[in-house]
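A short worksheet on the structure shown next.
Protein chains in written order, with our numbering: chain A, 573 to 1138; chain B, 573 to 1138.
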């Protein structure tokens, strides 16, 4: 492609609203342009990248037995009413009335439509399993669209839906999809992790998220560097400490601690670490029971985990704490209390700890479970978020924390939708059975942004060659003035094109600085500079996008060199 | 592809609502499935065909300098309000309110969005011309969606928009697009015609429609078989008869014609042809003038043409006719009247004709212009629809009529949108100038239906090989019983696949009748049948989709034969 016949439109500065590097760089490089809040045009350069991601996703889905189809974006309300999601999906769903006042939505997802197709088309167990997929435009009316195409309202998604005559068959396809996603993100050259995930609004059971790792990621992840273990921080299990609780060796002592209320203040006051201070959190259960939750001072309560033990609960008010404990919140503790007590595993392993004395301005030191606080084993649970250094649940090392951008999500839906829509098949005995279902999504347009979060520098975008808009650029210096430069550039362009290389010829006759800045900003991984001086000795300059300096090479070796780099 | 790993779902009968052959066959062959009125899922087979059309369109657009991008489907109302189309586009536009009650539409077309991009991105005449295109999903809320994907509400369109610094540049790109469309439809193997078109709602001036010819087409076309001339019947010029009016040779005679009111009745009564009877139509102009329009009895009034002469007009009521002419509508005529008279060119060439006598129950015979009816040359116009046999306006023969399906439309928009949106560039002198614009649409999904209208028989779809879902099918008889058949089928499948042929292996172990019916219905252009009996002599059977009978060929020649047919 010649720049003169293409459209490159770079910006010196990105609009100030762009916070993330990928958002800023996609605007500056002219990959995207904003039409309206959460609505972006994929400009020619960006579209080339998007299509490359699409192609990899499509190839790998096809290899894994996925069957591509294309469902409408606009979906009738009736189907969503059948599954009950018309009312519960919430305002993310863009509802539409047509000219006859019939209700539709701009599909945020396609479980209803594909299950409707399956219930009409699948008659026999012999037709199963099936794994349909599409690469299609979705719309989700985000409250606050942001980060460019990372959280846009209109976006491109690959969504696959599988149908099965048994759970075993679903599990098998689920594994195949797990492997397919792994291949896709590996081929795209991305650093990523599959993590066990909460199933969220889509429903069902059994699910993994695929995250591209990036400091700017919205999700906090815990992973074991020595194994495949990875999970959302909120879901990662905090295992019990490996060593048992040490025996009590200190006396229980009531100490006056005026004004020392936070864990940090108390730890400093007692000249100890926060991990030796017991954090006591008072909550009210749905049945109005006042309960004390105990955590180590350096740990955070995980409300999802707590609610798995307690059911629905809320934090006690200051009034409730005063009336139950006889003191202000900063001074509560479990010593000699008859309230229900739930302790986190790490808290339960403490001995000789500091805690509130249930008396305003006082704490205990040297407190111990057993002697001072009654704690049944059945009241010890995983109640906290994991922290870096915690033991990995698979026993293979210590957990590390990182941030990730969710780009894929696979679910075992089981029969949530097939039951609601009565999607049945006839089994070997001619009996109608409800199909098992899985679903498998990839945020195709989000991948482009996520990949840039992982691949950029101060000069611009630096995508891996498989995703870059062009593989190599030719930058001729003085193309209009020098016939030698022009001829060499045109010949190299013709040769690289003939060799099947995606080459961009910068024939704008711009100053070298302008050309280089543009080519680096838009992220062309390889660059050949052709100038009069070098040509006199038959030389041109090659520089990789991530190289510090250029190297002089014979013009005649340029094609081979580029090919060897791809 | 193996049928067992693909999804084929054929129907014996199409739903009765499907009127057109393409609609019936696309449903029966499992190309599409209906989700809701005017909303169709492209099933795996149909999607393969759709993608082939897309690929040809994309390749030819790229060859012609088109630059692909992708705009959002959802568009903010503000832009449409700037051009004034928010209110005038009508109920075809699907309006949407987002969660913040902001107004949007599901884009029926993208002039506003692309012109907004151009006004932001194009600064200098040096950046022009530009021709942006996208292949994208559009929505038009048809009053009565019908004919399947032929007139669906959601559909895939290729829309291109060009920007220019001069009208000459627009004309040049317009010509390039005309040629590009010609190449696209030729490559797809379609019989088509480009016709001069009215510009309709899109606006601007200078426009051609591209029609696929088919008996079921909604549009009536006139074309000259000896030249490129073609036009919508409503727009085709009816030229003046080549021979001058013959002199009067009969006396004007008033004849009693009780109950003879229609042209046919009157012609039969006078034992003459309808072409010798003058048809008189009374209309009222916007200024309330009573005017008589004269046509030959065998011709039809073209209201568009008449309004070009008269301005806005309406047909006179029976009351108005009685009060102006003193008789009922069936008996009016121009003899000895002082009303304004406009005559069609063919009517003006009549002599010795029959017409109403302005007396209930009476007609004149032997009437003549000049002697009996005053007619000025300036009142003779083209007022009628052309009919088969009329002289072609380009003088190259006689017109023929046919029906067509509009699949493409190119427009010279000029400055309609660029002016409204102030899309300007700086010219050589640094002065801001409004851009000239063109736009170029292709109904990608409609092409699939239109192509089937042209390529089917009683057994099913018979698309040309470039559009067919697969190029060749292998139909092994008794694949599970016979190892020889299985091995031969698998080997041929491997060889054809390795040769880059898109081959479908019917490994369902169905009866030959079922296999053949399915393969013919879905439209695989070439078929190899493998059976035990033939294999004993090393033979298989080849049959083209349009062949009457199969031919026995050596198995070892099958790959070569298929390749020679593609």
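All C-beta atoms in this analysis are idealised placements derived from N, C-alpha and C, irrespective of residue type, glycine included. In this text, all values refer to a predicted model and were calculated from it rather than measured experimentally.
With residue 742(A) as the anchor, note down where its alpha helix (DSSP H) starts and where it stops.
-> 739–759
Is it the case that the Cβ atoms of residue 757(B) and residue 727(B) are separated by a distance below 8 angstroms?
no
Discussion item. Within 8 angstroms of any Cβ in chain A, is that where the Cβ of residue 613(B) sits?
Written reply: yes
Requested in this report: Taking residue 1120(B) as the reference, give the member of 1092(B), 1106(B), 1042(B) and 631(B) with the closest Cα.
Outcome: 1092(B)
* Asked: In chain A, which residues lie less than 9 angstroms from residue 577(B) when you measure between Cβ atoms?
  -> 637 and 639
Cβ atoms of residue 576(A) and residue 1080(A): under 8 angstroms apart, would you say? yes
- prompt: Is residue 1008(A) helix, strand or coil by DSSP?
  reply: strand
Rounded straight-line distance, which links the Cα of residue 898(A) to that of residue 820(A): 27 angstroms
For a cutoff of 8 angstroms on Cβ pairs, would you count residue 588(A) as touching chain B?
no
Practice task
For residue 1070(A), go through chain B and note every residue whose CB falls closer than 7 angstroms to its CB, in chain order.
Solution key: The contacting residues do not exist; residue 1070(A) stays about 17 angstroms from chain B at best.
field: For residue 704(B) and residue 1032(A), the rounded distance between their alpha carbons
entry: 25 angstroms
Q.
To the nearest angstrom, how far is the alpha carbon of residue 722(B) from that of residue 589(B)?
A. 14 angstroms
### Task
Any chance you could list the alpha helix (DSSP H) runs of at least 4 consecutive residues sitting entirely within the stretch 947–1023 of chain A, in chain order?
988–992
**Report entry** Extent of the continuous beta strand (DSSP E) to which residue 1048(A) belongs
**Finding:** 1044–1048
> Rounded to the nearest angstrom, how far is the Cβ of residue 1021(A) from that of residue 760(A), given a contact under 8 angstroms?
Replying inline: So it is not a contact: roughly 13 angstroms between Cβ atoms.
query = If residue 807(A) and residue 769(A) are in contact, beta carbons under 8 angstroms, what's the gap, nearest whole angstrom?
reply = 7 angstroms
Does any CB atom of chain B fall closer than 8 angstroms to the CB of residue 772(A)?
In this prediction, residue 772(A) scores a pLDDT of 45, lower than 50, which makes its location untrustworthy; no coordinate-derived value is stated.
Residues in the stretch 1027–1061 of chain B with C-beta within 7 angstroms of chain A's C-beta atoms, listed in sequence order? none
According to DSSP, residues forming a beta bridge with residue 765(A)
783(A)
Spell out a yes or no on whether the stretch 843–858 of chain A and the stretch 881–898 of chain A are touching, meaning 3 or more CB-CB pairs, one atom from each, closer than 8 angstroms.
yes
Can you check the stretch 825–904 of chain A for any alpha helix (DSSP H) of at least 4 residues that lies completely inside it and give the ranges in chain order? 835–841, 875–882 and 890–897
Self-check item: Three-way DSSP call (helix, strand, coil) for residue 1083(B) in this model
Solution: coil
Problem - Nearest neighbour of residue 662(A), chosen from 712(A), 628(A), 626(A) and 650(A) [CA to CA] - result: 712(A)
Worksheet item: Roughly how many angstroms lie between the CA atoms of residue 708(B) and residue 731(B), to the nearest whole one?
Response: 8 angstroms
Handout entry: Residue nearest to residue 1072(A) in terms of C-alpha spacing, selected from 1027(A), 796(A) and 1134(A)
Key = 1134(A)
Measure the CB-CB distance between residue 945(A) and residue 871(A) and report whether it falls below 8 angstroms.
no
Quick check on residue 798(B): buried or exposed, where buried means 16 or more other Cβ atoms within 10 Å of its Cβ? exposed
Go ahead and pull the three-state DSSP assignment for residue 774(A). At residue 774(A) the pLDDT is 43, less than 50, meaning the model places this residue with poor confidence; the figure from the coordinates comes in the next sentence. Residue 774(A) falls in the helix class under three-state DSSP.
Hey, how far is the Cα of residue 1062(B) from the Cα of residue 634(B)?
-> 38 angstroms
### Task
State the beta-bridge partners of residue 1125(A) as determined by DSSP.
1112(A)
Checklist line | Distance between residue 854(B) and residue 778(B) (C-alpha atoms, nearest Å) | finding: 33 angstroms
>> Output needed for residue 586(B): all residues of its chain with C-beta closer than 8 angstroms, excluding positions within five of it in sequence on either side, in chain order.
In response: 595, 596, 597, 599 and 600
Check: How many Å lie between residue 889(A) and residue 695(A) at the Cα?
Finding: 58 angstroms
| Counting only runs that start and end within the stretch 633–705 of chain A, where is the beta strand (DSSP E) found for 3 or more residues in a row? | 646–648, 666–669 and 675–678
If you draw a straight line from the alpha carbon of residue 762(B) to that of residue 1108(B), how long is it in whole angstroms? 41 angstroms
* To do: Find out if the Cβ-Cβ distance for the pair residue 982(A), residue 780(A) is shorter than 8 angstroms.
  => yes
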